[in-house]
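Sequential numbering of the sequence shown, starting at 4, is according to our numbering.
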Amino acid sequence: MFFFPHANSYACFSCLSDGQDIIARFGKQEAMPREFFTDFVKVAQDEGRHFMLLATRLKELGSSYGSLPAHDGLWDSAMATSNNLLARLAIEHCVHEARGLDVLPTTIARFGSGKDDETADLLEKVVYPGEITHCAAGVKWFKYLCLRRKSPDKGNITSSETVSESEDSIQEEDDDEVIQKFHETVRAHFRGPLKPPFNEEARRAAGFYPKWYEPLSIKEECC
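And the structure:
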């Protein structure tokens, strides 16, 4: 009963720290536009709110944050990508955030079947939609960096233009190159293949399409 809320609260706390770190570590250094700062402040705010709600729910269930051990996978990935913004975006905000989208529906169903509707509703109505936007931020800014590095003029965002509007001008050739760079980055900075099954609907909602991640996955073995 306590394991999943605790694991999710730990993940939110780690992502809160990462949302702050990516701004402080890379924002000025990489000369990122204002929209980058706005997006990741929002990510950090969301994760902080999710953490507080989950920590409160744990207390209501008779436990508390920190009462169970948790893995350091998210923090280890942040440390490993501390000098590479492309890698940070790919691993933390695409691979890990998207994995959360894959497993959350099953977690929500478990709480629903266990008659813990309050925790199920918290995960489904608050945490889950937020994680889609966080994955979308990773995809968005990975694309932006690739485009800017290929053609600095394309990466220049005017005061009246958003990055999303600028992305509309990306040609199919550019998009293929971005995806190829994503594959190279994940293979270089993430150990092992990505594991299905994938929540394709939620990933698509984040702009994270199968051609980004399926070539990095393993095939499920038949019984």
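Positions of the beta carbon are idealized from the N, C-alpha and C atoms, including for glycine.
If you draw a straight line from the Cα of Gly103 to the Cα of Lys153, it is about 31 Å long. In this structure, His99 lies away from Leu126, with their beta-carbon atoms at least 8 Å apart. The three-state secondary structure of Ser85, taken from DSSP, is coil.
In this structure, DSSP gives Ser154 a state outside helix and strand, which the three-state scheme calls coil. In this structure, Thr122 lies away from Arg52, with their beta-carbon atoms at least 8 Å apart. In the pairwise beta carbon analysis, the region 136-151 is classified as touching the region 88-99: at least three pairs are separated by under 8 Å. By the Cβ test, the region 103-113 is not in contact with the region 38-48, since fewer than three Cβ pairs between them sit closer than 8 Å. Per the DSSP secondary-structure output, Leu197 pairs in a beta bridge with Ser220. Rounded to the nearest angstrom, the gap between the Cα atoms of Phe29 and Lys184 is 19 Å. In this structure, His192 sits near Ala90, with a CB-CB distance shorter than 8 Å. Looking at the backbone, the Cα of Glu180 and that of Leu148 are separated by about 12 Å.
With a threshold of 16 other beta carbon atoms within 10 Å, Glu50 meets it and is buried. Its chain contains His53 as the residues whose beta carbon lies nearer than 6 Å to that of Val130, once the 5 sequence neighbours on both sides are disregarded; these appear in chain order. Non-local C-beta neighbours of Leu92 in its own chain, meaning closer than 6 Å and more than five positions away in sequence, comprise Gly141, Trp144, Phe145, ordered along the chain.
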